[in-house]
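Number of protein chains: 2
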Amino acid sequence: LTKATTIAIDAMGGDHAPLEIIRGAVLAARDLQVKIILTGKKDIIEAILHQEEGCCSGLDIEIVDAPDDIPMDEKNPARAVKRGAKSSVVVANKLVAEGRADAVIAAGHTGAATAASLFELGRIEGFERPCICTLIPTHSSRILLIDAGSNIEATAEQMHQTAILGNILAKILLSGELCASRIMKEQGLRAEDFLPKIGLLNVGEEPGKGTTLYKDTYDLLKNESRIDFVGNVEGKTIIDNVCDVVICDGFTGNIHLKALEGGLRMMSKSFEREFKNRGLLSKIAALILKLSGTFDRIKDHFDPSSYGGALLGGLNGVSLISHGSSNAEAIKNACKHAQVLVSEGVVGKIKNSF
Amino acid sequence: LTKATTIAIDAMGGDHAPLEIIRGAVLAARDLQVKIILTGKKDIIEAILHQEEGCCSGLDIEIVDAPDDIPMDEKNPARAVKRGAKSSVVVANKLVAEGRADAVIAAGHTGAATAASLFELGRIEGFERPCICTLIPTHSSRILLIDAGSNIEATAEQMHQTAILGNILAKILLSGELCASRIMKEQGLRAEDFLPKIGLLNVGEEPGKGTTLYKDTYDLLKNESRIDFVGNVEGKTIIDNVCDVVICDGFTGNIHLKALEGGLRMMSKSFEREFKNRGLLSKIAALILKLSGTFDRIKDHFDPSSYGGALLGGLNGVSLISHGSSNAEAIKNACKHAQVLVSEGVVGKIKNSF
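Heads up: the protein sequence lines correspond to chains A and B, in order. According to the working numbering, the stretch in the first sequence is residues 81 to 434, in order. According to the working numbering, the stretch in the second sequence is residues 81 to 434, in order.
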């Protein structure tokens, strides 16, 4: 990375905004070779930066005032974005559109962030609908799930397009420093030789499974020579790394993601409850697991924070959607994610395929 | 339960058939007030029953010979069922159709079991498509997910019908001995006063979320006076018991279920790997958790075995689909499940609503 990447961050979006967002920006500016532009209420951001001054003097952080914000319960984000030219999420996206920043990160209202990126950055010509490209955990690694919730009523052709995009993105993300593919490492493959395995999320592995939409998409992917299509995959088996990219429509992807999130949270809680309610021995066991780092390692592997953000794929610019619950660490990781995507020229590579 | 329920079981279906299925039948005949009819290859079933004789002498178990079986990789189960009049799954369903049994349990090919039940038992008049009604775990209880994978391309009206069916089924299953609703108990409610909360699985809680199918279904459920519709629910929040029944189409339900299964398995494996690879202290912690029963309690809560089987709803008879991995305990639990459904007259109650 020769030139510092400039990243615009919506300081006002997210459950823990603005404090955790700004802290994340400070971490990124300190630890990564990036320049940060924070958008939002200038006086508030300045006050928080001042508070954190000890660690941030001399850091490359700029503030661009954006007095409006879009609340998390906004029912019509597209309209709010059209009217909210001075909202923090719109201003952050404008910075990328104007070439003043290389990437934008937003942890607020997903619909508003998507609408703002769509309006300000525009679609890549030939790519019909933006898609959310999320990294999800497997037993030993991470894989890409596309679309995680943007294009709710997708067509087979649009899902076909996301597979082409996913192929490019997996080469960048899964072979890079951000998330090394275990299998690739084992086989001693170089990044440029990495041909991602693409699977279609479905209710069974056999061809002919699923709705008409999924049968049609299967046929398109099977006949696409540019990708290594491994066929239908199931939610219970993708955790065994049967593929590197899982393709689905936005509705199905979001259902999958939230079921997974619910399941993981339920199991964590079960252990917590057991440790709390049971006898002394269980408490000792819990203490050992805590001290030995077992809990932290497992938590880290499944924690969405460590994934940073999901690329909003198919746009004329790098836009990352971060989890609403993002803390400082998550924002820093999103910046790292953005840095990799920008330096690898992800938008240009996608453009070349459409 | 005054009269013994007669349950036909496909002895040849399932990953661990016939041994575990027959052992489960023996457990059920021994521990529950039920009569069992096993269908399948008579000589094999007799040999296994003979082996297990010590515990099963005097038990009420009959064998009905059914020499054919339908393999798990059968691509066209409907055709196989039409041709396989002497397959164990068809014969078991015939017993219910002929009134010789009150319920049927099958752990083999789900498509074949569904087709066999549909052909032999027939649909309840007015109920368009059968649905799989599965119990899934929450933090503290269990809830019903309908449809878990039968009606892949459902209409809003068909989903509306499953909500009416789910309301009836929840009253039987969630207020009975099989799966007590925590909330109900806390509020000191009697079974007859229990009005199940019905939620629509979706990608967000606000009205207007999801595909056209889900928007249309939402409108139908909102205007249905016979149920307590709580609106859209998400996979990450249903674990907090926000509702008793989750309605979705078969494709989406199956995606949800498999994501949940994958997530739970991934987390279990993470703990196992930690205990295996880390130092002595972690091993001691693991031993304590094992000895104190923590692992078993958590495993039991999430284990599909303890759920027994899922009712194939909307048919003229009680047909339960058990998990392919069913062991003896799972089959026994399915028998208990069937016993409750038969004694509560589930089919009659559903018929009265259509």
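All C-beta atoms, glycine included, are put in the ideal place defined by N, C-alpha and C.
- Around the beta carbon of glutamate 178 of chain A, fewer than 16 other beta carbons sit within 10 angstroms, so the residue counts as exposed.
- With the criterion set as a beta carbon lying under 9 Å from some beta carbon of chain A, the members of the stretch 336–360 of chain B are His336, Leu337, Lys338, Ala339, Leu340, Glu341, Gly342, Gly343, Leu344, Arg345, Met346, Met347, Ser348, Lys349, Ser350, Phe351, Arg353, Glu354, Phe355, Arg358 and Gly359, in sequence order.
- Valine 170 of chain B: member of the alpha helix (DSSP H) spanning 168–177, first to last residue.
- Straight across, the Cα-Cα distance linking isoleucine 89 of chain B with isoleucine 150 of chain A is about 58 Å.
- Counting only the Cα atoms, leucine 301 of chain A lies some 15 Å from serine 433 of chain A.
- Pairing leucine 215 of chain B with glycine 246 of chain B gives a Cβ-Cβ distance that is not under 9 Å.
- Short of 7 Å from the beta carbon of alanine 195 of chain A, and not among the five residues preceding or following it, lie these beta carbons of its own chain, in chain order: Pro157, Ala158 and Val161.
- For the C-beta of arginine 377 of chain B, the chain A residues within less than 7 Å are, from N- to C-terminus, Glu354.
- One thing to note: lysine 338 of chain B has its Cβ no nearer than 9 Å to the Cβ of glycine 342 of chain A.
- Listed along the chain, the chain A residues whose CB falls inside 8 Å of the CB of glycine 229 of chain B are Val283.
- A residue is called buried when at least 16 other Cβ atoms come within 10 angstroms of its Cβ; leucine 395 of chain A meets this threshold and is buried.
- A straight-line Cα-Cα distance of about 42 Å links methionine 346 of chain A and lysine 121 of chain B.
- Its Cα nearest to that of isoleucine 252 of chain B, the residue B:Asp324 stands out among B:Asp324, B:Ala108, B:Arg103 and B:Glu354.
- Taking 7 Å as the cut-off between beta carbons, none of the residues of the stretch 185–211 of chain B comes near chain A.
- At a cut-off of 9 Å, the C-beta of lysine 155 of chain B has a neighbouring C-beta in chain A.
- Remark: three or more beta-carbon pairs, one from each stretch, lie closer than 8 Å, so the stretch 407–419 of chain B and the stretch 97–117 of chain B are flagged as touching.
- Counting along the chain, no alpha helix (DSSP H) covers cysteine 213 of chain B; the unbroken beta strand (DSSP E) around it starts and ends at 211–217.
- Those residues of the stretch 217–247 of chain B placed with their C-beta closer than 8 Å to a C-beta in chain A are Pro217, Thr218, His219, Gly229, Ile232 and Glu233, ordered along the chain.
- Note on the stretch 309–383 of chain A: whole beta strand (DSSP E) runs with a minimum of 3 residues are 325–327, in chain order.
- Leucine 175 of chain A and isoleucine 125 of chain A have their C-alpha atoms roughly 18 Å apart.
- Counted as a single uninterrupted DSSP element, the stretch harbouring isoleucine 307 of chain B is not any alpha helix (DSSP H), since DSSP gives it neither H nor E.
- When secondary structure is reduced to three states using DSSP, isoleucine 125 of chain A falls in the helix class.
- For threonine 242 of chain B, there is no enclosing beta strand (DSSP E); the residue is found in the alpha helix (DSSP H) stretching over 236–253.
- Judged by their CB atoms, glycine 311 of chain B and glutamate 285 of chain B are nearer to each other than the 9 Å cut-off.
- Per DSSP, the beta bridge partners of aspartate 90 of chain B are B:Thr119.
- Annotation: Cβ neighbours of asparagine 334 of chain B in chain A (cutoff 7 Å, chain order): Val283.
- With a cutoff of 9 Å on beta-carbon distance, valine 171 of chain B and aspartate 140 of chain B are scored as not near each other.
- In this structure, isoleucine 212 of chain B sits away from valine 326 of chain B, with a CB-CB distance that is not shorter than 9 Å.
- Note that the C-beta distance between leucine 361 of chain A and isoleucine 185 of chain B is not below 9 Å.
- For the stretch 380–411 of chain B, the set of residues with a beta-carbon nearer than 9 Å to any beta-carbon of chain A comprises His381 and Phe382, in chain order.
- Collapsing the DSSP output to three states places lysine 416 of chain B in a helix.
- With respect to the 9 Å criterion, glycine 188 of chain A and serine 168 of chain A are classified as neighbours on the basis of their beta carbons.
- By a beta-carbon distance limit of 8 Å, serine 386 of chain A contacts asparagine 413 of chain A. Their separation comes to about 6 Å.
- If the five residues before and after phenylalanine 331 of chain A are omitted, its C-beta is found closer than 6 Å to the C-beta atoms of Ile232, all from its own chain and listed in chain order.
- By the Cβ-count criterion, leucine 371 of chain A is exposed, with fewer than 16 other Cβ atoms from all chains shown falling within 10 Å of its own Cβ.
- In the DSSP annotation of this structure, the continuous segment of the beta strand (DSSP E) that includes arginine 222 of chain B starts and ends at 222–226.
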